[in-house]
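**Q** I'd like to ask you about the structure that follows.
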Amino acid sequence: MTVDASRRAFLRGRFKPQQQEHISAAVPLRPPWALPDTDFCNACVRCEACLEACPEHILVAGDGGFPEIDFQQGECTFCQQCVAVCPQPAFLDPQQHAPWQQIAHISEQCLTGQNIVCQSCRDQCEPSAIRMRLRIGQVPVPEIDAQQCTGCGACVATCPTAAIAIHPQPTPSAQPAS
Numbered sequence: 059m060t061v062d063a064s065r066r067a068f069l070r071g072r073f074k075p076q077q078q079e080h081i082s083a084a085v086p087l088r089p090p091w092a093l094p095d096t097d098f099c100n101a102c103v104r105c106e107a108c109l110e111a112c113p114e115h116i117l118v119a120g121d122g123g124f125p126e127i128d129f130q131q132g133e134c135t136f137c138q139q140c141v142a143v144c145p146q147p148a149f150l151d152p153q154q155h156a157p158w159q160q161i162a163h164i165s166e167q168c169l170t171g172q173n174i175v176c177q178s179c180r181d182q183c184e185p186s187a188i189r190m191r192l193r194i195g196q197v198p199v200p201e202i203d204a205q206q207c208t209g210c211g212a213c214v215a216t217c218p219t220a221a222i223a224i225h226p227q228p229t230p231s232a233q234p235a236s
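Okay, so the sequence shown: first residue is 59 according to the working numbering, each after it adds one.
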């Protein structure tokens with residue numbers, strides 16, 4: 059008997075909405091401290107040293123063999139192993155730069171939008187960047203504190219509806235004026 063992995067993932071609640079797959083496919087998330095995407099891809103020789111060095115096993119060979127983050131495998135601990143083993147100048151200096159400007163975003167797929175109690179994302183968030191906002195007559199809703207979120211992805215795999223994704227943090231100039 060063969061196992062249908064996609065059916066099993068669906069039944070376990072690990073399906074991904076089509077929209078989320080489209081977004082992640084357009085702009086792959088590179089390892090922390092990676093140069094901007096074009097520069098990173100020009101410098102990377104696809105030796106897979108970073109994939110093998112990652113203790114969390116979240117680095118995978120993406121399109122063209124370039125390393126990408128897969129938060130369904132776990133979270134980034136920012137251990138810097140990927141930077142240390144890279145034979146090419148594909149990374150910024152971790153002592154001089156932040157790992158990345160990424161934060162978690164919670165989509166409308168969140169169970170709380172259907173008035174179902176869930177706080178699995180908050181329970182996994184070590185920097186306490188996810189807080190539950192109380193609402194009268196409804197279940198609490200998770201909110202991301204952009205100042206606290208490191209973009210580590212600990213909340214991604216634990217979400218039963220795949221409602222959380224890591225995206226670039228909006229810059230102040232990109233936000234609408236209030």
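Glycine residues also receive a C-beta, built at the ideal position from the N, C-alpha and C atoms.
Hey, how far is the Cα of Q172 from the Cα of V197?
**A** For the purposes of this step, residue 172 is identified with residue 114 of the sequence shown, where counting begins at 1. For the purposes of this step, residue 197 is identified with residue 139 of the sequence shown, where counting begins at 1. Computed Cα separation, rounded: 9 Å.
**Q** Which residue marks the beginning of the beta strand (DSSP E) containing Q160, and which one marks its end?
**A** Residue 160 sits at position 102 when you count from the first residue of the sequence shown. Run containing Q160: 160-164, per the beta strand (DSSP E) assignment.
**Q** Just checking, does the stretch 104-121 make contact with the stretch 150-159 on the three C-beta pairs under 8 Å criterion?
**A** As far as the Cβ criterion goes, the stretch 104-121 does not touch the stretch 150-159, which means the pair count is below three.
**Q** For Q78, which residues from the same chain have a beta carbon less than 6 Å from its beta carbon, with the 5 sequence-adjacent residues on both sides left out?
**A** Sequence index remark: in the sequence shown, residue 78 carries index 20 (1-based). The predicted position of Q78 is uncertain, since its pLDDT is 43 and thus under 50; no value can be drawn from it.
**Q** On the criterion of 16 or more Cβ atoms from any shown chain inside 10 Å, does S82 qualify as buried, or is it exposed?
**A** The sequence position of residue 82 within the sequence shown is 24, counting from 1. Confidence at S82 is low in this model, with a pLDDT of 42, below 50, so the placement of that residue is unreliable and no value is reported for it.
**Q** Just tell me which of I188, F149, L169, S178 has its CA closest to the CA of F98.
**A** Position 40 of the sequence shown, counted from the first residue, corresponds to residue 98. Comparing Cα-Cα distances from F98 to each of I188, F149, L169, S178, the minimum goes to F149.
**Q** Per DSSP, what kind of secondary structure is R193 in: helix, strand or coil?
**A** Position 135 of the sequence shown holds residue 193. In this structure, R193 counts as strand in the three-state DSSP scheme.
**Q** Along the chain, which unbroken stretches of the beta strand (DSSP E) at least 3 residues long are found entirely within the stretch 106-164?
**A** Qualifying beta strand (DSSP E) stretches, in chain order: 117-119, 125-127, 160-164.
**Q** Using a 10 Å radius around the Cβ and a threshold of 16 neighbouring Cβ atoms, would you call T219 buried or exposed?
**A** In the sequence shown, the residue the question calls residue 219 occupies position 161. Its Cβ being crowded by 16 or more others within 10 Å, T219 is buried.
**Q** In whole angstroms, what is the alpha-carbon distance linking A232 and I161?
**A** The residue given as residue 232 occupies position 174 in the sequence shown. The residue given as residue 161 occupies position 103 in the sequence shown. Below a pLDDT of 50, predicted positions are generally treated as unreliable, and A232, at 48, falls in that range; no measurement from the model is reported.
**Q** Looking only at its own chain, which residues have a Cβ that is under 6 Å from the Cβ of V199, when we skip the five neighbours before and after it?
**A** Start at 1 with the first residue of the sequence shown, and residue 199 comes out as number 141. The residues are T170, R191.
**Q** Work out the CA separation of I174 and V141 for me, nearest whole Å.
**A** Numbered from its first residue, the sequence shown carries residue 141 at position 83. Numbered from its first residue, the sequence shown carries residue 174 at position 116. Taking the straight line from one Cα to the other gives about 41 Å.
**Q** Sorted by chain position, which residues of the same chain lie with C-beta nearer than 7 Å to S178's C-beta, five sequence neighbours on each side aside?
**A** Here residue 178 refers to the residue found at position 120 of the sequence shown. Only T216, C217, P218 meet the Cβ criterion.
**Q** Skipping 5 residues on each side, what residues in its chain have a beta carbon closer than 7 Å to that of C213?
**A** The residue labelled residue 213 in the question sits at position 155 within the sequence shown. Answer for C213: A162, C179, Q182, C183, I188, I222, listed in chain order.
**Q** Under 8 Å Cβ to Cβ from D128, same chain only, skipping five residues before and after it: list those, please.
**A** Numbered from its first residue, the sequence shown carries residue 128 at position 70. Hits under 8 Å: I116, L117, V118.
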